[in-house]
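Top line first, the protein sequences correspond to chains S, P and L. To convert, take the position in the first sequence, counting from 1, and add 1; that gives this note's numbering. To convert, take the position in the second sequence, counting from 1, and add 35; that gives this note's numbering. To convert, take the position in the third sequence, counting from 1, and add 1448; that gives this note's numbering. Built from N, CA and C at the ideal position, the CB exists for glycine as well.
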Amino acid sequence: MQATSTNTETEPSAGGLGRERLAGIVLVGLGGLGLWAGSDLPFMTSDGVGSGLMPRLLSVVILGLGILQLVLSRKDPGQSTGRWAIRETIPVILGVVLFAVTVRGYHLGPVTIPGLGLSIACPLAVVASGLAARDARLGELLIFAAVLTAFCIGLFRYALGLSVPVAPWLLGY
Amino acid sequence: MLDVFINLGLGMTVAFTLQNIALCFLGCLIGTLVGVLPGVGPVATIAILLPVTLSLDPTGSLIMLAGIYYGAQYGGSTTAILVNIPGEATAVVTAIDGHKMAQKGQAGLALGLAAIGSFFAGTVATIVIAALGVPMTRLGLLFGPTEYFSLMIMGLVFAVVLAHGSLLKAVSMILVGVLLSCVGADMETGRERMTFGLEMLQDGIEFVVLAMGIFGFGEIFKNLADPEARDVVRSRIGRLWPTLKELKDNFPAILRGTFLGSVLGVLPGNGAILGPFASYAVEKRLAKRPEDFGHGAPAAVAGPESANNAGAQTSFIPLLTLGLPPNAVMALMVGAMMIQGIVPGPQVIERNPELFWGLIASMWIGNLMLVIINLPLIGLWVKLLRVPYRLLFPAIVCFCCIGLYSIANDAAQVMMAALFGIIGYALYKLEFEPAPLALGFVLGRLLEEKLRQSLIISGGSPLTFLQSPLSAILLAVAVMALVIAISPSMRRNRDEVFKEA
Amino acid sequence: MPMKFTRRVALALCGVAMTMSVAAPVVAQDAYPSKPITLVVSYAAGGGTDAIARVFAARLEKALGGRVIVENRPGAAANLGTEVAAAADPDGYTLLIGNQGPMVVNPHIFKLKADPGTDLDPIAMIADASLVVVVGPSLKVNTLGELVEAAKSGELVYGSAGNASASHLGALLLGQTAGIKVRHVPYKGAGPAVNDLVGGHIDFMVTTIPSAIGLIESGTLKALAVTGEKRFASLPDVPTAIEAGVPGYTASAWYGLVGPKGMPAEVKSKLEAATTETLSDADVLDKLKNDGAVPSSMGPQAFADFMAKERTRWGDVVKAADIKVE
Chain S
2 MQATSTNTET
12 EPSAGGLGRE
22 RLAGIVLVGL
32 GGLGLWAGSD
42 LPFMTSDGVG
52 SGLMPRLLSV
62 VILGLGILQL
72 VLSRKDPGQS
82 TGRWAIRETI
92 PVILGVVLFA
102 VTVRGYHLGP
112 VTIPGLGLSI
122 ACPLAVVASG
132 LAARDARLGE
142 LLIFAAVLTA
152 FCIGLFRYAL
162 GLSVPVAPWL
172 LGY
Chain P
36 MLDVFINLGL
46 GMTVAFTLQN
56 IALCFLGCLI
66 GTLVGVLPGV
76 GPVATIAILL
86 PVTLSLDPTG
96 SLIMLAGIYY
106 GAQYGGSTTA
116 ILVNIPGEAT
126 AVVTAIDGHK
136 MAQKGQAGLA
146 LGLAAIGSFF
156 AGTVATIVIA
166 ALGVPMTRLG
176 LLFGPTEYFS
186 LMIMGLVFAV
196 VLAHGSLLKA
206 VSMILVGVLL
216 SCVGADMETG
226 RERMTFGLEM
236 LQDGIEFVVL
246 AMGIFGFGEI
256 FKNLADPEAR
266 DVVRSRIGRL
276 WPTLKELKDN
286 FPAILRGTFL
296 GSVLGVLPGN
306 GAILGPFASY
316 AVEKRLAKRP
326 EDFGHGAPAA
336 VAGPESANNA
346 GAQTSFIPLL
356 TLGLPPNAVM
366 ALMVGAMMIQ
376 GIVPGPQVIE
386 RNPELFWGLI
396 ASMWIGNLML
406 VIINLPLIGL
416 WVKLLRVPYR
426 LLFPAIVCFC
436 CIGLYSIAND
446 AAQVMMAALF
456 GIIGYALYKL
466 EFEPAPLALG
476 FVLGRLLEEK
486 LRQSLIISGG
496 SPLTFLQSPL
506 SAILLAVAVM
516 ALVIAISPSM
526 RRNRDEVFKE
536 A
Chain L
1449 MPMKFTRRVA
1459 LALCGVAMTM
1469 SVAAPVVAQD
1479 AYPSKPITLV
1489 VSYAAGGGTD
1499 AIARVFAARL
1509 EKALGGRVIV
1519 ENRPGAAANL
1529 GTEVAAAADP
1539 DGYTLLIGNQ
1549 GPMVVNPHIF
1559 KLKADPGTDL
1569 DPIAMIADAS
1579 LVVVVGPSLK
1589 VNTLGELVEA
1599 AKSGELVYGS
1609 AGNASASHLG
1619 ALLLGQTAGI
1629 KVRHVPYKGA
1639 GPAVNDLVGG
1649 HIDFMVTTIP
1659 SAIGLIESGT
1669 LKALAVTGEK
1679 RFASLPDVPT
1689 AIEAGVPGYT
1699 ASAWYGLVGP
1709 KGMPAEVKSK
1719 LEAATTETLS
1729 DADVLDKLKN
1739 DGAVPSSMGP
1749 QAFADFMAKE
1759 RTRWGDVVKA
1769 ADIKVE
């Protein structure tokens, strides 16, 4: 499956617009977002450049370039952006997020996750993200995760001396 | 000139003790390791190791710490070439063509050229430091905020050359990069800018987080979406080392890269980051087939890697001759010297000649060590690429997560990188290139800082950029380069539009 | 294949690990400390505060007979470290290196989630680092008085290590005390600012001693005054600002050990004693001195009083200069 193929099985975003027009829209959006996010900042102050000058100037130019891109691509036949790897992306993101919330613990409203350290966070990240591969084998992945975790703990915590928690529930750090 | 060699001879006798060679080797080894690991940089490593080195004598500890620094520079390129994760701004350029070469089965060639180019650059830079250290310091001091601002403008113009697709998209990406660099507390007033009230954005976006997201995670998504193409690539493993002819072909690029890197390395405020970019731009301009750039041109690895290493080394010049640290690692070296009771400054060369020349000599030995450590490792790295991807990428994810976490002991950085990964993948889908964005991000920060400093110093007059002759020249070069870059590609762009219409 | 890779690298690492890891001392189960202590530093690894913390922590381990792990928690303009320490269990296993910025200056500038004055418990002051007023080649003055005179033109610019940093505040206070108006150029850290001072792009700085001492000794920069109450041992010829004719002017960057509010009394006294022991170690003294700092002997009460005084003093400076973050 080529990235540039016109396969449409999971192709939500191109929406018939075509890659180039979509790129223009993204630029216009980014410029607009920048303008909005920096709208509270002073452009100039009495004694020089204000903190808003650069963000606003840049946003306006990006917005302008986006419009130019749209104009230039008006006759664009509308190439597809290809298949978006959503099924593969989600497990990887999940793995990263699992690592983030478990390594030192996480509080958000009613949810509280205790700090579990590398000993838990590492295998979670490896297994969850590993499932993204179409040829993933769970057994192999579990063994690999265990080996990799032991290696990482030895490397980062003990050899490099980083203060990343290992297993607070077992070792106290 | 003779003095230089007498002095270097003194240095060699200091550096060539068993203890110092061992420390140099250990430093280079640790440096290579932390350089290869994404996210764990030399700054954190040196800071953590500093108390341990206090038990060593000053010369030995500095030799080891210096080894970590250039070992990390070199190790970072390895990761950039193999898995497209530039751990430092300087490796962004290496990643562009280096990773393309690895995908074509030329990982060995790319790594070999990088190693040999770096060694050559390191050797030349060592002599430059010994012979021209003092006059080059003066060059660095000419660059105040005004001149630096103009230099950054020139750098951003050169960034356009990094693009190999649509010019408009490349310029947009540079500007988006500059915009991203504005996020966080304002340096003059401390006021939050574009943080959306998020605590994790308050101190701005870390370069490593951005790079690991858009390059590292983005690359993983890209590969997962396209397993067949990836596995075809992986089955082709080429030669491990470059041939004599390949070396000869790339030697001019190495030479030019070394020159550019050496000069830009002395600039304050991490001017060394411009070296690889300038080298890439020059090589692309001089190449017989500039269209190969961006698709795995060996000169696009050899030149920038040489520039990177030369710059890493000559950035010691302001530290050694004036005690002025041009970047965070050098600031740590100052700390290491102070704690050992050595006051860095112009007097070191008089008061501690054995330390001064020993450190310089050890740089050359360190570069030799790097070649000795890394040439055999190339075989290992190339084999690593043959690990089934279904196991390789979870390992990369795991290393990235730990590295990201260790930047600030903060899980929010890990999540932010995941978000950048999604953005990076979307940019790839829309055929936006990440390298100009990364460059814009790095230069943008300095750009605004220097703009505002200049205007405070000049009392608000923008004429200051033309009144300084050096700044005016740099701006003129930038304008010229921009005109040259835009005129032909504008035409090409129009042609493309017509062709497809 | 991955197993093979792991084994080879592990072998290589063994050598690294042996030279690098610090053996954990054996600890008694019942007495404090029975598990590793986390020493929070509000800045990234590699800065001045981090360096002091690591030298201090390495020796404190011996004094306490337990592991002390330095944990960098940078973020939110160094206020994150304060929050982390304030929210931790007050059992003595989470401590913080409290320094001037987050402890007494930031409460006047930011809306804080934790107030260092009420949510933290001072244990002991560690060290006090005086600053130095230096001029570069762009300015031909020889004394602090001449600098003040030259500044009356209203054209002088000074560099600082950043907005609301010790060097910014030190210069602000100098301006306010001497009644002069000078323009502030913020940099990111003392290094680049000193660089521009040497290059003659800015006129003067009030900076930490380690960042300038080499250039002072070589005559590249001229030191006009140190900002402490006493002269600094390594710069015996440089007068204090008070001696140089700016009455009442002192400014310093200081570091102390603080913990969450409500630690048990015996833990606190044990920590105080261990700090005193650490600061009497000749090696630590030497390193602090080389870093431009003098060890302090303030206990909990004296340190608390000192911080309260500093908070009012810098609060006035900040208000007069109208620094605040919306």
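DSSP, read as helix, strand or coil, puts Asp261/P in coil. Per the coordinates, the alpha-carbon of Gly106/P lies some 22 Å from the alpha-carbon of Val477/P. In the three-state reduction of the DSSP assignment, His330/P falls in the coil class. Looking at the backbone, the Cα of Leu420/P and that of Gly79/S are separated by about 36 Å. In terms of Cβ geometry, Ala1511/L and Thr1726/L form a close pair [threshold 8 Å]. Residue contact with chain L for Asn387/P: absent (no Cβ-Cβ distance below 8 Å to any residue of chain L). Note that the C-beta distance between Tyr109/P and Leu405/P is below 8 Å. By the Cβ test, the region 117–133 of chain P is in contact with the region 340–353 of chain P, since at least three Cβ pairs between them sit closer than 8 Å. Rounded to the nearest angstrom, the gap between the Cα atoms of Val1742/L and Ala1681/L is 10 Å.
By a beta-carbon distance limit of 8 Å, Asn1520/L does not contact Asn1554/L. Their separation comes to about 18 Å.
Ranked by Cα distance from Met189/P, the first of Phe312/P, Ser397/P, Ala332/P is Phe312/P. With contacts defined as CB atoms closer than 8 Å, Asn1738/L and Met365/P fail to qualify as a contacting pair. DSSP places Tyr107/S in the uninterrupted beta strand (DSSP E) bounded by 107–109.
Using a Cβ-Cβ cut-off of 8 Å, Thr1591/L is close to nothing in chain P; its nearest Cβ partner there is about 23 Å away. The way I'd put it, the region 1599–1618 of chain L does touch the region 1650–1660 of chain L; three or more beta-carbon pairs between them come closer than 8 Å. Interface criterion met: the Cβ of Leu163/S is under 8 Å from a Cβ in chain P.
Residue Ile442/P holds the alpha-carbon nearest to the alpha-carbon of Val244/P among Leu490/P, Ile442/P, Ala516/P.
Ser1700/L has Ser1578/L as its beta-bridge partners, per DSSP. Between Leu68/P and Leu146/P, the alpha-carbon positions lie close to 15 Å from each other. When Cβ pairs closer than 8 Å are counted between the two stretches, the region 429–442 of chain P is seen not to touch the region 169–177 of chain P, the count staying below three. Residue burial annotation: Glu227/P is buried, with at least 16 other C-beta atoms found within 10 angstroms of its C-beta. In terms of CA proximity to Pro1538/L, Leu1568/L leads the group Asp1729/L, Leu1568/L, Ala1524/L, Lys1559/L. Legend: CB atoms of the region 1559–1583 of chain L lying less than 8 Å from CB atoms of chain P are not found in any residue. As computed with DSSP, His1632/L is found in a beta bridge with Tyr1606/L. Here the C-alpha atom of Leu355/P lies approximately 15 Å from the C-alpha atom of Gly376/P.
In the three-state DSSP reduction, Arg88/S falls in the helix class (H, G or I). Looking at the DSSP output, Ala1572/L bridges to Leu1705/L. Listed in chain order, the alpha helix (DSSP H) runs fully inside the region 169–215 of chain P are 180–196, counting runs of at least 4 residues.
Looking at the backbone, the Cα of Gly162/S and that of Cys153/S are separated by about 12 Å.
The residues Trp399, Asn402, in chain order, have a CB closer than 8 Å to that of Thr158/P in the same chain once the five nearest residues on each side in sequence are set aside. For the options Tyr460/P, Glu483/P, Pro504/P, Ala520/P, the alpha carbon positioned closest to that of Ala260/P is the one of Tyr460/P. Tyr1480/L has its alpha-carbon roughly 49 Å from the corresponding atom of Phe256/P. The region 232–251 of chain P makes contact with the region 451–466 of chain P: 3 or more CB pairs, one atom from each, lie closer than 8 Å. For secondary structure counted as the alpha helix (DSSP H) over 4 or more consecutive residues, the region 14–72 of chain S holds these complete runs in sequence order: 20–38. With its beta carbon at least 8 Å from every one in chain L, Gly116/S lies outside the interface. For Ala1768/L, the enclosing alpha helix (DSSP H) stretches over residues 1748–1769.
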